[in-house]
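The next block holds one structure in the form of structure tokens; read it before the comments.
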Ligand SMILES: Cc1cc2nc3c(=O)[nH]c(=O)nc-3n(C[C@H](O)[C@H](O)[C@H](O)COP(=O)(O)OP(=O)(O)OC[C@H]3O[C@@H](n4cnc5c(N)ncnc54)[C@H](O)[C@@H]3O)c2cc1C
Ligand SMILES: [Zn+2]
């Protein structure tokens with residue numbers, strides 16, 4: 001089970017307090033009706049699904065109730081950093097490697 | 101060599117020292133007509149049918165680990181065809197018909213055992229959905245029947261149908277032709293069959309890149325054992341599909357999640373069938389060795405860790421202990437995870453991609469073992485003719501653009 005630091009609560013909490021909410025930084029078009037079918041499919045369905053660092057959303061449902069973003073490594077499950085929605089995606093120094 | 105009663109008898113009398121190797125271990129050739137990436141059941145079946153039915157024998161199957169070491173060797177082997185959507189019914193029933201003759205086709209005992217798969221309904225919603233499945237399946241000529249709780253217990257005597265359970269059994273949908281098969285034997289049988297027809301199965305060979313001509317079409321793959329040329333490439337890599345497709349610049353509608361299973365210590369036969377409960381994420385059957393084989397749920401988040409959270413298996417064990425009280429004091433021997441590739445509509449993707457010469461067969465998620473023969477069969481036809489096999493035709497990648505989804509997600513919950 002993951003330990004996730006909620007940037008709103010400032011606490012490390014167990015994964016089961018949270019709900020996973022998919023890839024982060026997937027931006028919905030302001031006027032979906034103006035989008036091409038391909039662009040709309042990209043937004044709805046296409047995902048990076050990387051083997052490596054992944055920016056993802058979590059919802060602190062059994063805590064403060066707010067959303068947060070995390071950068072997690074999908075092989076080691078190590079969470080490098082969590083941050084608030086709206087903040088830019090932090091860059092992770094990949095040279096360091098994901099130390100589990 | 102052909103397996104028969106005669107060869108068995110001869111080997112039994114001569115101490116089993118004369119069995120030959122079942123497939124070669126060839127060095128990769130510089131180029132092939134078709135390169136299949138991934139030697140799971142689906143990839144090996146594809147190669148087998150390419151050689152057998154389409155006469156395309158200059159084929160390599162590249163595998164980063166060992167053949168059958170992915171989800172094929174990690175799954176709980178449930179086979180059934182009682183899906184809801186017509187497209188899925190056609191696809192899974194095609195596979196079911198092939199299962200029925202597979203041991204003879206391959207001259208290899210895949211231990212296909214149609215012992216019946218029973219899916220439990222625990223609430224009013226389940227009851228209505230399953231009855232709808234039963235009716236839809238019968239219209240399509242696929243067997244599926246509704247059982248009341250007492251009949252369900254009659255079919256699986258260790259089932260607890262006490263109405264005071266947290267998730268009481270309100271009934272069940274039973275497909276009598278459903279069952280299980282020996283997962284390793286399926287991979288080995290197809291590997292042996294394909295190898296005998298001239299297919300090169302190259303293990304310990306990881307694909308690290310896809311090379312394309314300036315005009316866009318594929319020319320081959322970069323691997324841990326050097327460049328291998330290819331006229332066509334078929335990616336059949338389950339949980340790693342997004343990673344390989346990214347090598348050709350194609351983004352996929354897939355997410356990869358760990359799915360777990362576990363087995364108990366072996367006990368005498370107590371369970372004559374397969375029981376699935378989608379609502380509480382628990383499935384169970386008994387292997388020929390006597391172990392109870394238990395399937396659990398997926399982790400919530402994208403991962404390639406090939407393990408999974410302990411709370412996920414714990415949740416399943418709680419459900420199993422409630423549904424089957426005889427299991428309460430059993431010890432679990434092993435647990436493991438596999439990485440499953442899940443699509444938004446929970447239906448697979450079989451066919452061409454935007455890159456000329458690149459084909460994909462993926463998105464089988466938590467339920468593709470049952471489809472192994474059918475998947476390989478229709479994908480081989482698609483690769484050979486460069487046009488979708490009629491049964492594969494609805495399962496295109498571009499359905500996510502056109503919106504013509506095959507929404508088994510609503511029908512089957514998470515589990516297959
Ligand atoms: C715990 C668990 C339980 C399941 N239970 C059931 C069930 O009861 N019934 C059912 O129908 N389905 C079940 N499934 C799903 C089923 O296992 C899969 O859908 C099916 O086996 C997929 O087969 P495959 O041949 O496509 O994939 P795999 O067997 O995973 O084969 C893909 C292969 O590709 C290789 N590969 C990956 N990347 C590369 C690369 N870069 N280069 C070379 N090779 C590569 C992998 O090593 C792997 O061997 C279960 C899955 C799991 C994990
Ligand atoms: Zn919080």
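Residue numbers (the numbering used here), protein chains in the order written: chain A, 1 to 100; chain B, 101 to 516.
The beta-carbon is built from N, C-alpha and C at its ideal position, and this holds for glycine as well.
Within chain B, partners of residue i - CB distance below 7 Å
i	result
residue 54/A	402
residue 157/A	Here chain A comprises residues numbered 1 to 100, so residue 157/A is not present and cannot be evaluated.
residue 20/A	400 and 401
Between the CA atoms of residue j and residue i - distance to the nearest angstrom
i	j	result
residue 382/B	residue 160/B	38 Å
residue 345/B	residue 327/B	17 Å
residue 364/B	residue 218/B	21 Å
residue 205/B	residue 472/B	14 Å
residue 398/B	residue 281/B	22 Å
residue 489/B	residue 395/B	32 Å
residue 497/B	residue 166/B	28 Å
residue 1/A	residue 355/B	19 Å
residue 315/B	residue 349/B	14 Å
residue 274/B	residue 200/B	18 Å
residue 52/A	residue 387/B	36 Å
residue 347/B	residue 66/A	36 Å
residue 89/A	residue 352/B	22 Å
residue 320/B	residue 499/B	27 Å
residue 415/B	residue 377/B	13 Å
residue 208/B	residue 103/B	7 Å
residue 318/B	residue 247/B	52 Å
residue 265/B	residue 373/B	22 Å
residue 371/B	residue 113/B	35 Å
residue 212/B	residue 173/B	15 Å
Interface flag, residue i vs chain B, CB-CB below 8 Å
i	result
residue 15/A	yes
residue 29/A	no
residue 37/A	yes
residue 68/A	no
residue 41/A	yes
Beta-carbon contacts of residue i that lie in its chain and below 6 Å, excluding the five residues immediately before and after
i	result
residue 148/B	290, 293 and 294
residue 19/A	59 and 61
residue 541/B	Missing from the structure shown is residue 541/B; chain B here goes from 101 to 516 and no further.
residue 187/B	494 and 506
residue 476/B	142, 145, 146 and 149
residue 99/A	Residue placement at residue 99/A is poorly supported in this model, since its pLDDT is 46, which falls under 50; the coordinates still yield a value, given next. Answer for residue 99/A: no residue qualifies.
residue 17/A	62 and 63
residue 131/B	329
residue 509/B	445 and 446
Beta-carbon spacing of residue i, residue j below 8 Å
i	j	result
residue 393/B	residue 176/B	yes
residue 402/B	residue 357/B	yes
residue 168/B	residue 331/B	no
residue 459/B	residue 333/B	yes
residue 269/B	residue 239/B	no
residue 229/B	residue 181/B	no
residue 283/B	residue 379/B	no
residue 137/B	residue 313/B	no
residue 474/B	residue 233/B	no
residue 302/B	residue 126/B	yes
residue 341/B	residue 256/B	no
residue 210/B	residue 198/B	no
residue 451/B	residue 502/B	no
Under 8 Å from the C-beta of residue i: neighbouring residues of chain B
i	result
residue 77/A	403 and 405
Cβ of residue i within 8 Å of any chain A Cβ
i	result
residue 500/B	yes
residue 353/B	yes
residue 308/B	no
Interface partners of residue i on chain A, CB under 7 Å
i	result
residue 356/B	49
residue 410/B	1
Same chain, Cβ closer than 7 Å to residue i, five either side skipped, listed in chain order
i	result
residue 437/B	358, 359, 360, 406, 407 and 408
residue 420/B	382, 384, 394 and 427
residue 43/A	26, 28 and 29
Within-8 Å CB hit, residue i to chain C
i	result
residue 169/B	Absent from the structure is chain C; the protein chains it does hold are A and B.
Contacts that residue i makes with chain A (C-beta to C-beta distance below 9 Å)
i	result
residue 225/B	Residues of chain A passing the Cβ test: none, with the nearest at roughly 21 Å.
residue 342/B	47, 48, 49, 50 and 51
Contacts around residue i, its chain only, beta-carbon distance under 8 Å, and the 5 residues preceding and following it disregarded
i	result
residue 389/B	366
residue 434/B	362 and 363
Residues that residue i contacts on chain A, provided the C-beta gap is smaller than 8 Å
i	result
residue 369/B	Here the premise fails: no neighbours, minimum Cβ distance about 35 Å.
residue 444/B	44 and 45
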